[in-house]
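> I have a structure I would like to understand better, so I am pasting it below and will then ask my questions one at a time.
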Amino acid sequence: MKNDLDRDLSLSLEESAPQASHLDAAHLHAHDTRIHRQDRTYSARENWAHALSLGVYRALSVLVAVGVILVLLWGVMDLPAFGRETNPVENEVSERYLAQGLQEGGATNLVANMILDYRAFDTLGESNVLFTAATAVLLLLRGLQSREANHPLASAAPEAPADPILRAGARALCPVILLYGLYIILNGHLGPGGGFSGGAVMGAALILYREAYGPEKMGRFFSFRTYRAISFFALAFYALSKAYSFFTGANHLPSIISNGTPGAILSAGLILPLNIAVGFVVCCTMYGFFALFEKGEI
Amino acid sequence: MNLQILLENRVEAAAIILFGIGLTTLLLNRNLIKKIIGFSFMDSAIFLFLASEGYISGHTAPIQDAAGSLPAASFINPIPAGLVLTGIVVSVSVTAVMLSLTVRLYQRFHTLNLDEIVQLAREANEEEEEAND
Amino acid sequence: MLWWQNIPFFSIILFLLSAAVCSVLPPRGARAWARAVLGLCLAGGALLLAILGQPGSASFTFMMGHFPAPWGNEIRAGALEALLACLFPGVMLCALLSGAPALSSGRQASREPQYLSLCMLLMAALLSQAYSNDLFTCYVFLEIMTLSAGALIVFQNSGRALAAGMRYMVLNLVGSGLFLLGVVLLYDLTGHLLMENLFVSLQALAATGEYHRSLTIIIALITVGLSIKSALFPFHSWAPDAYSSSVPSSNAILSSLVSKGYILLLLKVYARVFGWDLVLLSQVDHLLLVFAWAGMIFGSLAAIRTSRFTRMIAWSSVAQIGYIFLGVGLGAGGGYQAAVFHLLVHSCSKALLFLSGEELRRSAGGSDSFADLAGAARKHPVYGALWTVGAFSLVGLPFTGGLISKLLLGGEALRHSPPVAIITLAVLALSTLLNVLYFLRTMLILWSPDQGSSRRGSLSPLGLGACGLLAAGILVSFFLAQPLLEVISLGLSQFS
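Next up, the structure:
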């Protein structure tokens, strides 16, 4: 029933010119397109009323855009000036982050102090946004290819393993990229960096490896089970350790977590372990997005 | 109209213009991919706005040295930096979900035009109902 | 700090943790875990309500970490938050219990853990929305709500659900973008994200008349952003599809919980960040009133026109959201109170209509057209009766909470200027009339003598209990209206 519907609905894309890309055409050619439904309703050439409404629609869109921009600009003219020390945003809140962040949070990267210690609840929410998105993409794309043979991206992505140059390059680059990502994560509390950026870099290394050596080889050490386990343990560790820190903070209990010596690699209390946890989640999620989009399976 | 202020706040003004373009593209363009591009525009514009909010002329990035010897007054405001970081992650997540939804829609309806998709979905639903009867 | 003051923090963290746990458990385990966690948090919320709902009790704040409020994050709980901490897990539990068959049947079964994981994230986001004291925290959890609710729609694998999910996502992203821009501009003007500090700074700005223009734009941005997300007319175009295309539990959760989360946030921003005087100064309240009036009429008219059962319930949501926004537009004091009361009643009624409606549909062979539903209530008299209770509540008949909210709205309208009062009363009367029309028609169809074979489906005791609980909520909100209203007004007075 569903498949029949799919075929019925395959429109001739040459008619709806604006969207017809090479991918579309190639895909439709491969696809069984015996049952065509010449849909004239959406053809600007065939249906003058549609052409007119398209024109009006475009003009209105531009008008709306200009209107929104003008109103907002009118508001911007009213805002505090750019780059002044006396602006309202430079108040006691940011002052404390800058002046006492090192003693209170323990990290020399004062932004890391702010996001992982002072305002850690926001960041806990943020990593859960990523988890929500990963779950949603999983729900939408997992098993897509096995269920439906006409995966639109299947024809675009070649099945055969990539060429020797890519393999050689990946062999040389992957360890370096991984190491660099790890460095960014582990130094997140000492300098620019942290779990999100480092995790994204490490995810890139995994994606490169997969592209060079194919999903099968990747699957030997990174399967769906690995993905699930790493995400679960990292997120659970994040939630539990922050729960401990929130709980002790709010109830004014002594906490066993110490800040250590500023500048040392093992310092800044929970910030380093949290960066590692976030790094793992981000790395897995980035790789998972890629794998799901490519094949519908991690 | 005080254009002097607008000129001084040119970064904010640029951000606002980009926001307007992104918002309109997201709302009114019918192509799903362009909608997603519009969304990215919109969010990036907000990040640009935030970055310009926290900037103080002549100040540096908020990285202390180990002894804590740098004066607090030499740094820019760290709050917008943290907010932008959070925003970027949200934006990446939303983009991924939108793209995967687009893949599914294209696979089912073979078009990227949202109006057509809604129309086709409605027709498909009616046919299904008739088949049930 | 007293031990029970840890409940809000504990429930949020528990839901976040459960999201990770549910994603790795097998379907049966995930289901049991999710139900247990929801039950536990419902009990926690009830305990909190028993303590904070007492007259004269004070709200408290809870430091999320080692640093006090403007520097660290903070959550706050008062009488209203405690009430919502009972409502949200309760309705979610009912939706999951009653909607379980559709989740665990056939091909969907292996995806149930992910569905439950999203529900847990949604709950964490809703509770954070209710408790949080910080606008940026609200934004982060707002996005969790947007994404998880979108995923709940597309869980149903049909083309219609996918299309509805896309329309939902597009408009909701516009709403999030406008809200975020509003928050960022507010931060630019005041340097604060914490609600108390924002309120103080904004009052100072309003007194000097500085940044008046920007403030108006900010109020408009936040109002429009959250109105889009809660499907207020004329930003409702995504709602009827999104509320009626997916599995029954998703429909119930979206229409009765997610939209309420956004309205709640708007109410909080009005009451705790801007203050009603500033909203009046910006004239946005007129906008809300006009949209609410139009929505109340238009939503009901559209519900009359549709020929599908589920879509009719979805369209009636658009009208009911209009009622809630009417309360918000009528302003601080009685208006807010009526809005919150109707929010509670509508949450229970709409979930009940979707969930018991699904059982009726199933007895009619899963069809959604009115013709096939003739006599459905006679096959399942219990569900028919439950559905009727929900419909009575939305019409506003006696012995249901809907009557109280209409009386509150009408009474509050009388305290406004004559034009506002007259239009509001006229719109209320007309909308009620329209409600009677389409609910009466549906009820006549449902209870009409049965022509077909009297096929009786099996009754699941859990699903029936869940629907019964929602119906009990509707009745309780009528018979215990006075204490409920006292709790609400106590909670609202704790806002400032």
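From first to last, the protein sequence lines are chains B, Z and E.
Going by this note's numbering, the final residue of the first sequence carries number 1095, and the count climbs one at a time with no gaps.
Going by this note's numbering, the final residue of the second sequence carries number 582, and the count climbs one at a time with no gaps.
Going by this note's numbering, the final residue of the third sequence carries number 1323, and the count climbs one at a time with no gaps.
Using N, Cα and C, we set each Cβ at its ideal position, and we do this for glycine too.
(1) Thinking C-alpha only, which one of Ser-884/E, Leu-1005/E, Ser-925/E, Ala-847/E is nearest Ser-1331/E?
(2) On the three-pair Cβ rule with 8 Å, is the stretch 1143 to 1161 of chain E touching the stretch 1117 to 1125 of chain E?
(3) Taking C-alpha atoms, which residue in Pro-940/E, Ser-850/E, Leu-923/E, Leu-879/E lies nearest to Leu-910/E?
(4) Can you tell me whether Pro-1225/E is buried or exposed? The criterion is at least 16 other CB atoms within 10 Å of its CB, across all chains shown.
(5) Arg-459/Z: buried (16+ other C-beta within 10 angstroms of its C-beta) or exposed?
(6) Please identify, using Cβ separations under 8 Å, the residues of the stretch 493 to 524 of chain Z that lie next to chain E, in order along the chain.
(7) Find the residues of chain B that neighbour Phe-468/Z, judging by a C-beta separation of less than 9 Å, and give them in chain order.
(8) Give the range of the alpha helix (DSSP H) segment to which Met-947/E is assigned.
(9) Applying a beta-carbon distance threshold of less than 8 Å, which residues of chain B neighbour Ile-1044/E?
(10) With a threshold of 8 Å between beta carbons, is Gly-583/Z in contact with chain B?
(11) Is there a Cβ of chain B sitting closer than 8 Å to that of Tyr-1038/E, yes or no?
(12) State the Cα-Cα distance for the pair Phe-1168/E and Ala-909/B, rounded to the nearest angstrom.
(13) With a 10 Å radius around its C-beta and 16 neighbouring C-beta atoms as the bar for buried, classify Gln-983/E as buried or exposed.
(14) When burial is assigned at 16 or more other CB atoms within 10 Å of the CB, is Tyr-1187/E buried or exposed?
(15) Please report the distance separating the alpha-carbon of Ala-1336/E from that of Thr-1251/E.
(16) Just to make sure I have the definition right: I need the residues of chain E whose C-beta is within less than 9 Å of the C-beta of Val-861/B. Which are they?
(17) Where does Arg-1188/E sit, in a helix, a strand or coil, going by DSSP?
(18) In chain E, which residues lie with their C-beta within 8 Å of the C-beta of Asn-888/B?
(19) Run through DSSP, which three-state label would Leu-1050/B get?
(20) Among the candidates Tyr-1084/B, Glu-923/B, Leu-921/B, whose CA atom is the shortest distance from the CA of Ala-1002/B?
(21) Quick one: what's Asp-961/E bridged to in DSSP?
(22) Could you tell me the boundaries of the alpha helix (DSSP H) in which Ile-505/Z lies?
(23) Given a cut-off of 8 Å on the beta-carbon distance, is the pair Leu-1236/E and Leu-1153/E in contact?
(24) May I have the straight-line CA-CA distance separating Cys-913/E from Glu-457/Z, to the nearest angstrom?
(25) Please confirm whether Glu-970/E has its beta-carbon closer than 8 Å to some beta-carbon of chain Z.
(26) Let me see if you follow: with CB-CB separation under 8 Å, is Leu-477/Z close to chain B or not?
(27) Check each residue of the stretch 875 to 905 of chain B: if its Cβ is closer than 8 Å to any Cβ of chain E, include it; give the result in chain order.
(28) Using beta-carbon positions only, say whether Leu-969/E and Ser-1003/E come within less than 8 Å of one another.
(29) Closest by CA to Leu-1261/E, which one among Val-1100/E, Ile-1131/E, Leu-1200/E?
(30) Need the endpoints of the beta strand (DSSP E) that Arg-903/E sits in, please.
(31) Does any residue of chain E have a CB that is nearer than 8 Å to the CB of Ala-573/Z?
(32) For Ala-1212/E, which residues in the same chain have their Cβ closer than 6 Å to its Cβ, ignoring the five residues on either side in sequence?
(33) Which whole runs of the beta strand (DSSP E) in the stretch 859 to 907 of chain E are 3 residues long or more, in chain order?
(34) Compare the Cα-Cα distances from Thr-530/Z to each of Leu-554/Z, Met-547/Z, Ile-505/Z and report the closest residue.
(35) Is the beta carbon of Ser-1071/E less than 8 Å from the beta carbon of Arg-1138/E?
(36) Anyone know if the C-beta pair for Thr-929/B and Ser-975/E falls short of 8 Å?
In this structure, then:
(1) For residue 1331/E there is no data in the structure shown, the boundaries of chain E being 828 and 1323.
(2) yes
(3) Taking the first residue of the third sequence as 1, we reach residue 910/E at position 83. Checking every option, the nearest Cα to that of Leu-910/E belongs to Leu-879/E.
(4) Counting from one through the third sequence, the residue named residue 1225/E turns up at place 398. Burial call: exposed.
(5) Indexing the second sequence from 1 puts residue 459/Z at position 10. With fewer than 16 other Cβ atoms within 10 Å, it is exposed.
(6) Ile-495, Phe-498, Leu-499, Glu-502
(7) As a first step, residue 468/Z is located in the second sequence; it is residue number 19 there, counting from the start. Neighbours of Phe-468/Z on chain B, chain order: Val-865, Ile-866, Leu-869.
(8) In the third sequence, residue 947/E corresponds to position 120, counting from 1. Element bounds for Met-947/E: 939 to 958.
(9) For the purposes of this step, residue 1044/E is identified with residue 217 of the third sequence, where counting begins at 1. Ordered by position in chain B, the residues that pass the 8 Å Cβ test against Ile-1044/E are Val-868, Leu-869, Trp-871, Gly-872.
(10) Nothing in the structure corresponds to residue 583/Z, since chain Z is present only between 450 and 582.
(11) Taking the third sequence and counting its residues from 1, one reaches residue 1038/E at position 211. Yes, contact with chain B.
(12) On the third sequence, residue 1168/E is found 341 positions in, with the first residue counted as 1. On the first sequence, residue 909/B is found 112 positions in, with the first residue counted as 1. Distance between the alpha carbons of Phe-1168/E and Ala-909/B is about 42 Å.
(13) Mapped onto the third sequence, residue 983/E falls at position 156. So Gln-983/E ends up on the buried side.
(14) Translated into positions along the third sequence, residue 1187/E becomes position 360. This sequence places Leu at residue 1187/E; Tyr is not what is there. The residue is buried, with at least 16 neighbouring Cβ atoms inside 10 Å.
(15) Because chain E here runs from 828 to 1323, residue 1336/E falls outside it and cannot be looked at.
(16) The sequence position of residue 861/B within the first sequence is 64, counting from 1. In chain order: nothing, as chain E lies at least about 12 Å away.
(17) Taking the third sequence and counting its residues from 1, the one referred to as residue 1188/E is at position 361. In the structure shown, Arg-1188/E sits in a helix (DSSP, three-state: H, G or I).
(18) Residue 888/B sits at position 91 when you count from the first residue of the first sequence. Going along chain E in sequence order, the residues near Asn-888/B (Cβ under 8 Å) are Gly-1018, His-1019.
(19) Taking the first residue of the first sequence as position 1, residue 1050/B is located at position 253. Note: Leu-1050/B maps to coil in three-state DSSP.
(20) Looking up residue 1002/B in the first sequence gives position 205. Here the closest residue by C-alpha is Tyr-1084/B.
(21) As a position in the third sequence, residue 961/E is number 134, starting the count at 1. According to DSSP, which records beta bridges pairwise, Asp-961/E is partnered with Leu-1021/E.
(22) What you label residue 505/Z is simply residue 56 of the second sequence in a count that begins at 1. Run containing Ile-505/Z: none; DSSP gives neither H nor E here.
(23) Counting from 1 along the third sequence, the entry for residue 1236/E is found at position 409. Counting from 1 along the third sequence, the entry for residue 1153/E is found at position 326. Yes, they are a contact pair.
(24) Locating residue 913/E in the third sequence gives position 86, counting from the first residue. Locating residue 457/Z in the second sequence gives position 8, counting from the first residue. About 51 Å.
(25) Stepping through the third sequence from its first residue, residue 970/E is reached at position 143. Taking Cβ atoms only, chain Z reaches closer than 8 Å to Glu-970/E, which makes this a yes.
(26) Reading the second sequence from its first residue, position 28 is the one you call residue 477/Z. By this cut-off, Leu-477/Z is an interface position.
(27) Asp-875, Leu-876, Pro-877, Asn-884, Pro-885, Val-886, Glu-887, Asn-888, Glu-889, Val-890, Ser-891, Arg-893, Tyr-894, Glu-901
(28) Looking up residue 969/E in the third sequence gives position 142. Looking up residue 1003/E in the third sequence gives position 176. Yes, Cβ-Cβ distance for Leu-969/E and Ser-1003/E is below 8 Å.
(29) Looking up residue 1261/E in the third sequence gives position 434. Residue Ile-1131/E is the option with its Cα nearest to Leu-1261/E.
(30) As a working note, residue 903/E is residue 76 in the third sequence. Run containing Arg-903/E: 900 to 904, per the beta strand (DSSP E) assignment.
(31) For this step, residue 573/Z is matched to residue 124 along the second sequence. At least one chain E Cβ lies under 8 Å of Ala-573/Z.
(32) Here residue 1212/E is taken as the residue at index 385 of the third sequence, counted from 1. Nothing listed; no residue qualifies.
(33) 887 to 891, 900 to 904
(34) Counted from its first residue, the second sequence places residue 530/Z at position 81. Note that residue 530/Z is Ala in the sequence shown, not Thr. Ala-530/Z has its Cα closest to that of Ile-505/Z, out of Leu-554/Z, Met-547/Z, Ile-505/Z.
(35) In the third sequence, the residue the question calls residue 1071/E occupies position 244. In the third sequence, the residue the question calls residue 1138/E occupies position 311. Their beta carbons are under 8 Å apart, which means Ser-1071/E touches Arg-1138/E by this criterion.
(36) For the purposes of this step, residue 929/B is taken as the residue at position 132 of the first sequence. For the purposes of this step, residue 975/E is taken as the residue at position 148 of the third sequence. Yes, these two residues count as a Cβ contact at 8 Å.
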